[in-house]
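In the numbering used here, the protein residues as written are 20 to 160.
Using N, Cα and C, we set each Cβ at its ideal position, and we do this for glycine too.
Predicted model only: the values in this text are computed from it and were never measured.
Structure first, commentary second.
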């Protein structure tokens, strides 16, 4: 299923080379929402860090990062949220990692300190938040 991107962020993805046609990384379950995203986004670096609408805008470098799936924060949050979190890339020059849950909601884990945010109930909401500099929906940790 192709990703439907709104006009607010579509030009950023096109400039980065979207859509790509990638093989699914072995660490990503084929039936997880992260699979669809990585099939067409893996390897792309979208956006840039700078001033945003409400807070700093950032970049997203799409790539599977299976080593983070065993991170203590991720293990705890999977248990609390009763879901499977799959990392789909780095944000803000690697200062954070972007995760997708089994229902398609997106989360941001800080790779600098212990913090974990719900970015949006869908990839599009999360991507707009990160790329346009909009406040995350809720800080969970």
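Q: Counting only the same chain and skipping the five closest in sequence on each side, list residues whose C-beta sits under 7 Å from that of residue 128.
A: As a first step, residue 128 is located in the chain shown; it is residue number 109 there, counting from the start. Exclusion of the five residues before and after residue 128 leaves 92, 93, 115, 116, 118, 135 as the residues of its chain whose Cβ lies within less than 7 Å of its Cβ.
Q.
Please identify the residue among 48, 65, 47 whose C-alpha is closest to the C-alpha of residue 38.
A. Mapped onto the chain shown, residue 38 falls at position 19. Taking each of 48, 65, 47 in turn and checking the Cα distance to residue 38, the smallest one comes out for 65.
Q | Reduced DSSP category for residue 145 - H, G, I as helix; E, B as strand; rest coil | A | In the chain shown, residue 145 corresponds to position 126, counting from 1. DSSP places residue 145 in helix when its eight states are reduced to three.
Q | Helix, strand or coil at residue 54 according to DSSP, with G and I counted as helix | A | Along the chain shown, read from residue 1 onward, the residue named residue 54 stands at position 35. Of the three classes helix, strand and coil, the one that applies to residue 54 here is helix, per DSSP.
Q) If you draw a straight line from the alpha carbon of residue 55 to that of residue 28, how long is it in whole angstroms? A) Here residue 55 refers to the residue found at position 36 of the chain shown. Here residue 28 refers to the residue found at position 9 of the chain shown. If you draw a straight line from the Cα of residue 55 to the Cα of residue 28, it comes to about 18 Å.
Q | Identity of the residue in 143, 99, 112 nearest residue 130 by Cα | A | Taking the chain shown and counting its residues from 1, one reaches residue 130 at position 111. Ranking the options by Cα distance to residue 130, first place goes to 112.
Q | Proximal residues to residue 31 (C-beta, below 8 Å), its chain only, five neighbours per side dropped | A | Taking the first residue of the chain shown as position 1, residue 31 is located at position 12. Closer than 8 Å at the Cβ level, and outside the excluded window around residue 31, lie 65, 66, 150.
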